[in-house]
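Report on the following structure.
Numbering (our numbering), first residue to last: 5 to 267.
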């Protein structure tokens, strides 16, 4: 049986009873609700929730579960000539989503920014026979083993001719973003780089729910790494968190402001 943590969406394989603890939520970068840890079976989630799709351009779609479940992030499908890539993951994998992704040509690969979005990645990988790419520095946060999981090391990994992963660290040691080098460039960031409500700035945190910042040195390193990457658009983890113009300049300016406030 697959049980999902209602607070973060992480999936656990159980022998009939729900787990007593969620390691992801007990870490200070997430939280245990004041009412305690609660669980739902994957089959029950699929019957009570559905997935909403949005097309951002001809080759980029986002998928989000409604009503909101757990953290409420969205996943992305990026279409490339070499095959489709799933960026980040959501827990709900229903029949409609399976059919829509299959109609688009299935998945070539799955890549995830950090452990809060691992959710049911194992089930997505098995459904579409797609390898999962996770940074090796976050290996300890995998709660279900899968033969599809591949741990990569270093600071970059090419997934396709125009698509690469870049490890930035920060929120998690292996925290990564996806760079799509088509046209003026697109960055998919999860919340390794978090788009602010006005969509005219970004921020960086070690723990979002507990509001614990990153150091000036870490933020400086993140912005330095991104200064070598060409991108004008940036899509964050949540609905509406899109920067569609001058994203590179906005990231640089936001990093300087963050460091100035810490100083």
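Note that CB positions come from ideal geometry on N, CA and C, so glycine has one too.
DSSP places residue 240 in the strand class (E or B) of the three-state scheme. Scanning 207, 174, 214, 243 for the CA closest to the CA of residue 256 turns up 207. When secondary structure is reduced to three states using DSSP, residue 119 falls in the helix class.
In the three-state reduction of the DSSP assignment, residue 5 falls in the coil class, being assigned neither a helical nor a strand state.
Under the 10 Å beta carbon count, residue 182 is surrounded by 16 or more other beta carbons and is classified as buried.
The beta carbon of residue 135 is closer than 6 Å to those of 113, 152, 154 in its chain, skipping five residues each way along the sequence.
Cβ neighbours of residue 185 within its own chain (closer than 6 Å, five residues either side excluded): 166.
A check of alpha carbon separations from residue 228 across 258, 161, 248 identifies 258 as the nearest. Using a C-beta cut-off of 8 Å, the region 20-37 makes no contact with the region 58-74, since fewer than three inter-stretch Cβ pairs fall below that distance.
Only buried fits residue 124, as 16 or more other CB atoms lie within 10 angstroms of its CB. Under the criterion of beta carbons closer than 8 Å, residue 107 and residue 129 do not qualify as touching, at roughly 19 Å. Assigned with DSSP and collapsed to three states, residue 209 falls in strand. Residue 215 counts as exposed, since fewer than 16 other beta carbons sit within 10 angstroms of its beta carbon. DSSP places residue 259 in the uninterrupted alpha helix (DSSP H) bounded by 251-266.
Under the Cβ criterion (8 Å, minimum of three pairs), the region 78-89 does not count as touching the region 246-253. Here the C-alpha atom of residue 189 lies approximately 16 Å from the C-alpha atom of residue 80.
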